[in-house]
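Those letters in the sequence shown? Residues -15 to 598, by the numbering used here.
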Amino acid sequence: MSLFSELRRRNVVRVGAAYIVLGWVLAQVAEFAFDTFGAPDWALKSVVIVLLLGLPLVLLFAWAFELTPDGIKRDRDVDRSQSTAQQSGRTLDRVIIAVLLIALAWFGWDRFFSDADERPATEALTAAPAAAAQKSIAVLPFVAMSSGPDDGYFADGLTEEILNSLSGLPELLVTARTSAFAFKGLDVPVQEIAATLNVDHIVEGSVRRSGNRLRVTAQLIRAEDGFHLWSDTYDRDDSDTFRIQTDIAEKIASALDVVLDDERRAAMAFAKVRNPAAFIAYQKGRELFVKAHGDLPQLPTLARANEFFDQAIELEPNFYHAYVARNDLYTHTLIEGSDPETDATAPAPEAVDEARRALEENMQAAIRVAPDEATRLNFEYDQALVLGNWRGLDSLTDAVLSQADHCVSPDWIHLTAVPFGRAAEAVDYFENLVACDPLGDDFLGDWATAALWSGQFERVIESAGARTDSGQRQNLDAYVQALVAAGRLDEAEAVTATEVRDAGRAAMFQALIALKRGDADGAPSLGSPLSPNATNANRIIRAARLGDRVAANDAATAIDRHPYGYIRLLQVIYFCNCGAPFDLEATPALAALLDESGLSWPPAGVTEWPLKDW
C-alpha cells in the first residue's frame, strides 16, 4: 500500500485539514477576545505558537491511533475487517465543512461589519483619503543609540531617506515627515501612533555608530495586531548607507506586496542621497528651518539654515529636498522687501535683488532634479507665481489642483486656488494633503481657509473644533473664525474668553466678533487703520473690515509699487476673506499681472463684514 493511501486510510489528511481550519477559527476568536480585554501582544502570539506546535502532534496521533467503538486503540492492534476508519472519515468531512462555514461567517462579519463603527470627529478630514488608499504607512524617526555629536542628525537623515523612497511608490500613502517626526523621543504605543496618523503600518528602527561602523535595525509592524511583517539588522561601514536605506525601503515595499519593477525601483532611487555627511548637513539646516518658523527671527535664522543646505548640495548636487528648503529664505526676502515703509525689519533693496537672482537659479535647479512630473509641476507653479511670470497662471493652478492624489504641494497654491473661484476644488485638494500630513499645521489651516471661502462653515466648526487627546481644539484659530463667519458670535465670544490664553490672539478674535456685528467702536484692538505700528498689509485688512476704502487703497498702492508687492497683496486677499479688500485701480502692477493670468477679479470672499460696503 502506498504512503498516501495509508495516510488517507488512517484519516491523517482529514485530521490535518480539520485541525488547520479549527486552529484558524480559534486564533481569530482569541484575537477578538484579547483585543476586547486589552491583553498584551505576546498573549496572542503564544496562542498561535501553541497551535502551530500542536499540528505535528495531532498528525502523529492520527497516524498511530484509531478511534473505535471500544475507545482509542493503536492502529496496529485494530482488525482491518472491524475498522471504523471510513465512518470516522465521513464524520471528519462533516466537521471540516461545519468549521469552514463558521470560518466564512467570521470572515464576512470581520470584513464587512466589524469596522462599521463611526469614527470620532477628529478623524473627519483624514478618514476618506486614507480609506481609499490600498496601503498606508508611517516611518517613525529611527532612534540614535550612540551619542556622537552628529548621530541624531544621521539617524534622522536615514529615516527621511527611507520615507522619501517609499513616497515614490504610488501604491503607498506615506505619512509626511512633519507628522511622523512628531513622535520623536516619545514612548507611545504603535497602535496609538497608527490611529493618530490613520495608517495601517509603522516602520521603526535604531542606528548605532562607532567610528565608521554602523549597526542599523529596522522593522515593519502591522498596526492592527503589532505583528512584525519584516525586520533586519545591518552591520556595515557608513559608506554603505545608500545600500542600507535602499534595501530597507525595498524590503518594506515587498513585505507590503508592492511589485518592484524597474520603473518603481528607479522612482525610489531617484536623487537619493549617497553621502552621509550631506544628509547630516541637511538635518542641521532643517532644525534651524523649523525654528525660523517658530520663535526665532525668520530671515537671519533661515540664512543660517541655508549655510547647511548649501553644504548638503555641494556634497550631493541632486539633493532635491535641500533645494526645496533653500527657496524659503529667498522667497521671504522678496515678500518682506515689498513692505519696507512700515516694516523696520524689511531687507534692503540690494538684498531683495540678490534674493531674486538666487531664487531663480535655485528654482531652475530644483525643477531639474525633481523626482517626478507632479513635483516638477509644483515647482513650475511656484516659480511662475513668485517671479511674476503669470501668463496662463489660471491653467497652471487647475493643473496643480488636478493632482488630488499627490502628497506634495506648491508652497503658494492657496493664494490663487482659494480666492479666485476654485475654493471648492481647493477643499478636496487640501483634504488629501491633510491625510498625508495629519499633524501638520499648514495643510489643515489651508483646508480650513478654503472651506471658509467655499461657505462650508459648519464643516470647519465640526472638524477644527473637535477636541484632541490633550483636550485642546483641533485648530482653535480656524474654529473661532468659522464661528464668526457663520454668525455664531456668542459661541465665538465664549470660546475666546475661556480657551484663548494668548492676549494678542484674544484681542484679535474680539475685534473680529465686534466687526462682524458692525461695531467699529467695539474693536479697539484694531486701533486706527493708519497706526504707525502696522504694516501696510495689516492696514489693508483692518481698513477693509472697518469700511475705510481710502485707507485700504492707499496701503495697497504703497505695496504695489514695489517689485514683488503682488505676492504680499495676494496674501492680503487670502487672509482678509472679504472679497476685494482694495480697488484694483489702486494696484496697477497687480492689475497687469492679473490681466495676463486668466484669474478673475474681484475675488469671491464669503465672509461678509457689515462695515465694508464695496
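We treat Cβ as the ideally placed atom computed from N, Cα and C, and that holds for glycine.
The structure displayed is predicted, hence computed values, not measured ones.
**Backbone secondary structure at Y548 - three-state DSSP** = Here residue 548 corresponds to residue number 564 of the sequence shown, with the count starting at 1. The DSSP-derived three-state label of Y548 is coil.
**Message:** So for L583, helix, strand or coil by DSSP?
**Reply:** As a first step, residue 583 must be located in the sequence shown, where it is residue number 599. DSSP places L583 in coil when its eight states are reduced to three.
**Asked** Rounded C-beta distance between P572 and D544? I'm assuming under 8 Å.
**Response** Here the question's residue 572 lines up with position 588 in the sequence shown. Here the question's residue 544 lines up with position 560 in the sequence shown. Rounded, the Cβ-Cβ distance is 7 Å, consistent with contact.
**Request:** Report the three-state DSSP secondary structure of A202 (helix, strand or coil).
**Result:** Here residue 202 refers to the residue found at position 218 when the sequence shown is read from its first residue. A202: strand per DSSP, three-state reduction.
**Prompt:** Going by C-alpha distance, which of R199, A306 and Q465 is nearest T442?
**Reply:** Along the sequence shown, one-based indexing puts residue 442 at 458. Note that residue 442 corresponds to Glu in the displayed sequence, not to Thr. Residue Q465 is the option with its Cα nearest to E442.
**Prompt:** Quick one: what does DSSP say K596 is sitting in, helix, strand or coil?
**Reply:** On the sequence shown, residue 596 is found 612 positions in, with the first residue counted as 1. Coil, per DSSP.
**Close Cβ partners of D77 (< 6 Å) along its chain, the five nearest in sequence each way excluded** = Along the sequence shown, read from residue 1 onward, the residue named residue 77 stands at position 93. The answer is none, since no qualifying residue turns up.
**Asked** Going by beta carbon distance, what residues of the same chain come within less than 8 Å of I80, once the five residues before and after it are set aside?
**Response** Mapped onto the sequence shown, residue 80 falls at position 96. Same-chain partners within the cutoff: R(-2), A1, A2 and V5.
**Item:** Where S393 sits in the DSSP three-state scheme
**Value:** As a working mapping, residue 393 is identified with position 409 in the sequence shown. It is coil, neither helix nor strand.
**Request:** Drop a sphere of 10 angstroms on the beta-carbon of L198, count the other beta-carbons inside from all chains shown, and report buried for 16 or more, exposed for fewer.
**Result:** Along the sequence shown, one-based indexing puts residue 198 at 214. It is buried - the Cβ of L198 has at least 16 other Cβ atoms within 10 Å.
**Prompt:** Counting along the chain, where does the beta strand (DSSP E) carrying W374 start and finish?
**Reply:** On the sequence shown, position 390 is the one that residue 374 refers to. From DSSP, W374 is part of no beta strand (DSSP E); its letter is neither H nor E.
**Item:** Test item: CB-CB of A239 and A265 under 8 Å
**Value:** Counting from one through the sequence shown, the residue named residue 239 turns up at place 255. Counting from one through the sequence shown, the residue named residue 265 turns up at place 281. 8 Å or more divides the Cβ of A239 from the Cβ of A265.
**Message:** Let me check one thing: in DSSP terms, what residues is W214 bridge-paired to?
**Reply:** Numbered from 1 along the sequence shown, position 230 holds the residue referred to as residue 214. Looking at the DSSP output, W214 shares a beta bridge with L204.
**Request:** With DSSP as the reference, label R406 as helix, strand or coil.
**Result:** The residue you call residue 406 lines up with position 422 of the sequence shown. The answer is coil: DSSP assigns R406 none of H, G, I, E or B.
**Asked** Would you say A498 touches the ligand FMN, meaning its beta carbon is less than 7 Å from a heavy atom?
**Response** With respect to small molecules bound, the structure shown includes none, and the ligand FMN cannot be examined in it.
**Request:** Have a look at D171 and G195 and give me their C-alpha separation to the nearest angstrom.
**Result:** For this step, residue 171 is matched to residue 187 along the sequence shown. For this step, residue 195 is matched to residue 211 along the sequence shown. One C-alpha to the other measures close to 28 Å.
**Under 8 Å between C-beta atoms of E409 and L371** = In the sequence shown, counting from the first residue as 1, residue 409 sits at position 425. In the sequence shown, counting from the first residue as 1, residue 371 sits at position 387. Their beta carbons are not under 8 Å apart, which means E409 does not touch L371 by this criterion.
**Message:** Here's the rule I'm using: 16 or more other beta-carbon atoms within 10 Å means buried, otherwise exposed. How should D219 be labelled?
**Reply:** The residue given as residue 219 occupies position 235 in the sequence shown. Exposed.
**Item:** Assigned secondary structure, V274 (DSSP; H/G/I helix, E/B strand, else coil)
**Value:** To locate residue 274, count along the sequence shown from 1; it is residue 290. Residue state, collapsed to three classes: helix.
**Item:** Test item: CB-CB of A476 and I497 under 8 Å
**Value:** Locating residue 476 in the sequence shown gives position 492, where the first residue counts as 1. Locating residue 497 in the sequence shown gives position 513, where the first residue counts as 1. Between A476 and I497, the CB-CB gap stays under 8 Å.
**Request:** Return the bridge partner residues of A476 from the DSSP annotation.
**Result:** As a working note, residue 476 is residue 492 in the sequence shown. Per the DSSP secondary-structure output, A476 pairs with nothing in a beta bridge.
**Asked** Tell me which same chain residues have a C-beta within less than 7 Å of the C-beta of I525, skipping the five on either side of it?
**Response** As a first step, residue 525 is located in the sequence shown; it is residue number 541 there, counting from the start. Result list for I525: V556, F559, C560 and P565, in chain order.
**Prompt:** In this structure, does DSSP put E188 in helix, strand or coil?
**Reply:** For the purposes of this step, residue 188 is identified with residue 204 of the sequence shown, where counting begins at 1. E188 falls in the strand class under three-state DSSP.
**Asked** In chain order, what residues of the same chain have a beta carbon less than 6 Å from the beta carbon of A108, not counting five sequence neighbours either side?
**Response** Here the question's residue 108 lines up with position 124 in the sequence shown. A caution first: A108 carries a pLDDT of 42, below 50, which makes its placement in the model too unreliable to give a value.
**Message:** Measuring straight from C-alpha to C-alpha, what distance separates E208 and Q175?
**Reply:** Here residue 208 refers to the residue found at position 224 when the sequence shown is read from its first residue. Here residue 175 refers to the residue found at position 191 when the sequence shown is read from its first residue. Q175 has its alpha-carbon roughly 7 Å from the corresponding atom of E208.
**Item:** A27 to L84 span [Cα, whole Å]
**Value:** For this step, residue 27 is matched to residue 43 along the sequence shown. For this step, residue 84 is matched to residue 100 along the sequence shown. Taking the straight line joining both Cα atoms gives about 25 Å.
**Request:** On a CA-only basis, which of T159, I33 and D505 is nearest A419? Give me that one, please.
**Result:** As a position in the sequence shown, residue 419 is number 435, starting the count at 1. Comparing Cα-Cα distances from A419 to each of T159, I33 and D505, the minimum goes to T159.
**Same chain, Cβ closer than 6 Å to D99, five either side skipped, listed in chain order** = Position 115 of the sequence shown, counted from the start, is the residue given in the question as residue 99. Low confidence applies here, because D99 scores a pLDDT of 41, under 50, leaving its location unreliable; read the following figure in that light. Hits under 6 Å: none found.
**Asked** What residues are listed by DSSP as bridge partners for I121?
**Response** Reading the sequence shown from its first residue, position 137 is the one you call residue 121. DSSP, once it has assigned bridges, lists V158 and H185 as partnering I121.
**Message:** With a threshold of 8 Å on Cβ separation, who are the neighbours of L213 within its own chain once the five nearest residues in sequence on each side are excluded?
**Reply:** Mapped onto the sequence shown, residue 213 falls at position 229. H185, L204, I205, R206, A239 and L240, listed in sequence order.
**Request:** Assign F96 to one of three DSSP states: helix, strand, or coil.
**Result:** Taking the sequence shown and counting its residues from 1, one reaches residue 96 at position 112. With a pLDDT of 49 at F96, under the threshold of 50, the predicted position of this residue should be treated as unreliable, and no value is reported.
**Message:** Using C-beta distances below 7 Å, list every residue in its chain close to G549, excluding the 5 sequence neighbours before and after it, in chain order.
**Reply:** The sequence position of residue 549 within the sequence shown is 565, counting from 1. Excluding the 5 residues flanking it on each side, G549 has same chain C-beta neighbours closer than 7 Å at S322, I543 and A573, in chain order.
**Prompt:** Between the beta-carbon of T541 and the beta-carbon of A570, is there less than 8 Å?
**Reply:** Residue mapping note: residue 541 aligns to position 557 of the sequence shown, counting from 1. Residue mapping note: residue 570 aligns to position 586 of the sequence shown, counting from 1. The beta carbons of T541 and A570 sit closer together than 8 Å.
**Message:** I need the DSSP call for D219, collapsed to helix, strand or coil.
**Reply:** Locating residue 219 in the sequence shown gives position 235, where the first residue counts as 1. Residue state, collapsed to three classes: strand.
**Prompt:** How long is the line joining the alpha carbons of N311 and L343, rounded to whole angstroms?
**Reply:** Within the sequence shown, the letter at position 327 stands for residue 311. Within the sequence shown, the letter at position 359 stands for residue 343. Going by the C-alpha atoms only, they are around 6 Å apart.
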